[in-house]
Amino acid sequence: MINKKLIRELLNESACSHNEKKKSSCDKPKPGATSGGCAFEGAQIALFPYADAVHLVHAPATCIGASWETRATPTSWEGENNVVMGYSTDITTNDVIFGGHKKLEASIEYIVAHKNPKALFIYETCVTAMIGDDMDNIASRMQEKYGIPMVVVHSPGFVGGKNLGSRLGGEAVLHQLIGTKEPQEIHPFGINLIGEYNVTGDMWQYTPILEKIGIKIVSTLAGDGRIENIQMAHSAKLNVIVCAKSLITLTRKMQEKYNIPYISVSFYGKRDTTNAIMSIVNAFGDAQLIANAQKIIQEKEAKLEERLAPYREILHGKKAILNTGGNKSWSIASALQDIGIEVVATSIRKSTLEDIEIAKEYVKILMKNPAQEQAQLIDEHQVDLLLAGGRSLYTAIKKRVAFVDVNQEKKISYGAYGGLENLAIDVVRAIENPVFKIVGTKAPWEQ
Ligand code: SF4
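Structure follows, in structure tokens:
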């Protein structure tokens, strides 16, 4: 059941460094905040990569459209991929008056009879929270009847934005899944990847490296995730928060409950990927593991430098502006710097206070209103390249600078060493593409 105390705790996370000084709030809801994605959206995006589970949205049919399949999060799950279809209880006015519990029960019965899910995530939304359906009760009865986990995610959109929603998703997983299954054996170097969603297959760029070093991925939340694995997440020896700090509450609580320490890393760019791998092995402090890591990193970096050499010549001296959100405000900036690009400014519009602190270490100019600032900065600093979401393409065309789409909708991975080469290729293609210089000019008959 959602309550004020939990929301307050999630908004003033004691493990966030900015909250040590003052209760500055991690993601305080502001008027209009949900227009950039509500809490339900955040929760569903965070848990959606579990393709062996069905995600049932207890809401009017309109809610589901907001977050369903908005990101390319590939899975290697060989059973039925349950996230290619959206499931909603389709609450109507009639249900608002008489209650939506019968529809919820019927939907669960249908899913269990026709699909073969390893679990059900059942999302509470604005309407079903207000009409007061007792979802916990229905879920626990159904769980007992069918013997599969029915995880209620209390995420009505009105409580706040996307960031808070992913924390609520983490709460549901912590209390209803983690620790509900025991592994056959415990690996001495087992880790959980928390906040890694495998967007465009980012995770697959570095998990083979970690495995080669001798580290076992016990579970993920939630990239290419499996329900059975997250149930055994309490058997890992280390939690690794990947880029996003939004799930730090989950890792703090796992430390308190299961004595699992956590570290926070980024796998974007050469420097940060190397730092991430070394941070993981150093956390274990095993000499052999550290030696393995050093050897493999040396090989990977040498190969990467060879492959990057032709692109470095083209990119030398180029300037870029980065207009993206959240942790990408600094992680992509770091990757761009690694391929020799000067990052003039980065957007911090959707970044957490933690991300803003990190972004300051990488880039001098932080844009609060990128839509207004970026055009002027392109002129002032004679920028060559704009990396942003699709909406900024018009600015690039108007200013005749190259453009690369780096938002969630991108289709290629920029993660780890392999992804850095992909980023270099995309940036070079954009810079060498004459279309950005031509398309903003007048047509011959207009001159
Ligand atoms: S949960 Fe609420 S804010 Fe979110 S999409 Fe549904 S109605 Fe809108």
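Just so it is clear: in the sequence shown, position 137 is 1182 by the numbering used here, and no numbers are missing. The beta carbon of each residue, even a glycine, is placed where N, CA and C say it ideally should be. Since the model is a prediction, treat every value here as computed from it, not as a measurement.
Below 8 Å on the Cβ atoms is my contact criterion, and I expect F1093 with V1128 to pass it. Report the Cβ-Cβ distance as a whole number of Å.
The pair is a contact, with the Cβ atoms about 6 Å apart (cut-off 8 Å).
Applying the 10 Å Cβ sphere with the 16-neighbour rule, what's the burial state of K1068?
Because K1068 sits at a pLDDT of 49, beneath the cut-off of 50, its placement in the model cannot be relied upon, and the following sentence gives the value as read from the coordinates. Its Cβ having fewer than 16 others within 10 Å, K1068 is exposed.
Could you confirm whether any beta carbon from chain C is found closer than 8 Å to the beta carbon of G1434?
Among the chains in the structure shown there is no chain C, since it carries only a single protein chain.
Where I1090 and G1485 are concerned, what is the direct C-alpha to C-alpha distance, given to the nearest angstrom?
Cα to Cα, I1090 sits roughly 36 Å from G1485.
Quick one: which unbroken beta strand (DSSP E) runs of 3-plus residues sit fully inside the stretch 1379 to 1419? Chain order, please.
1387 to 1392 and 1410 to 1412
Assuming contact is defined by CB atoms lying nearer than 8 Å, are M1299 and N1320 in contact in what I supplied?
no
Would you check whether the ligand SF4 has a heavy atom nearer than 7 Å to the C-beta of P1201?
yes
Between F1085 and the ligand SF4, is there a pair consisting of the residue's CB and a ligand heavy atom that are separated by less than 7 Å?
yes
Cβ of I1052 versus every heavy atom of the ligand PLP: is any distance shorter than 7 Å?
With respect to small molecules bound, the structure shown includes the ligand SF4 and not the ligand PLP.
Q1188 and L1222 look like a contact to me (Cβ under 8 Å); what is the Cβ gap, rounded to whole Å?
About 12 Å; that fails the 8 Å criterion.
When the distance is taken between beta carbons, is L1292 closer than 8 Å to L1056?
No, they are not a contact pair.
Extract the residue ranges of the alpha helix (DSSP H) inside the stretch 1415 to 1489, only unbroken runs of 4 or more that lie entirely within it.
1415 to 1426, 1438 to 1444, 1461 to 1477 and 1480 to 1483
Please give the ranges of any alpha helix (DSSP H) in the stretch 1215 to 1274, keeping only runs that are unbroken, at least 4 residues long and fully inside the region.
As far as the stretch 1215 to 1274 is concerned, its whole alpha helix (DSSP H) runs of at least 4 residues are 1247 to 1258.
For E1477, I'd like the list of residues in its chain whose CB is within less than 6 Å of its CB, leaving aside the five on either flank, ordered along the chain.
Once the five neighbours on either side are set aside, E1477 has no close Cβ partner at all.
Please classify Y1407: is it buried, with 16 or more other beta-carbons within 10 angstroms of its beta-carbon, or exposed?
buried
Along the alpha helix (DSSP H) that carries V1016, what are the first and last residues, could you check?
The chain is shown only over 1046 to 1492; residue 1016 falls outside these bounds and no answer can be derived.
Could you name the residues of the same chain whose beta carbon sits closer than 6 Å to that of Y1565, not counting the 5 residues immediately before and after it, in chain order?
Residue 1565 lies beyond the residue range present for the chain, which begins at 1046 and ends at 1492; the question has no answer from this structure.
Quick one: does the C-beta of A1088 sit closer than 7 Å to a heavy atom of the ligand SF4?
no
Below 6 Å CB to CB, which residues in the same chain sit around I1442 once its five sequence neighbours on both sides are set aside?
In chain order, V1484 and G1485 place their CB closer than 6 Å to the CB of I1442, counting only its own chain and leaving out the 5 sequence neighbours on each side.
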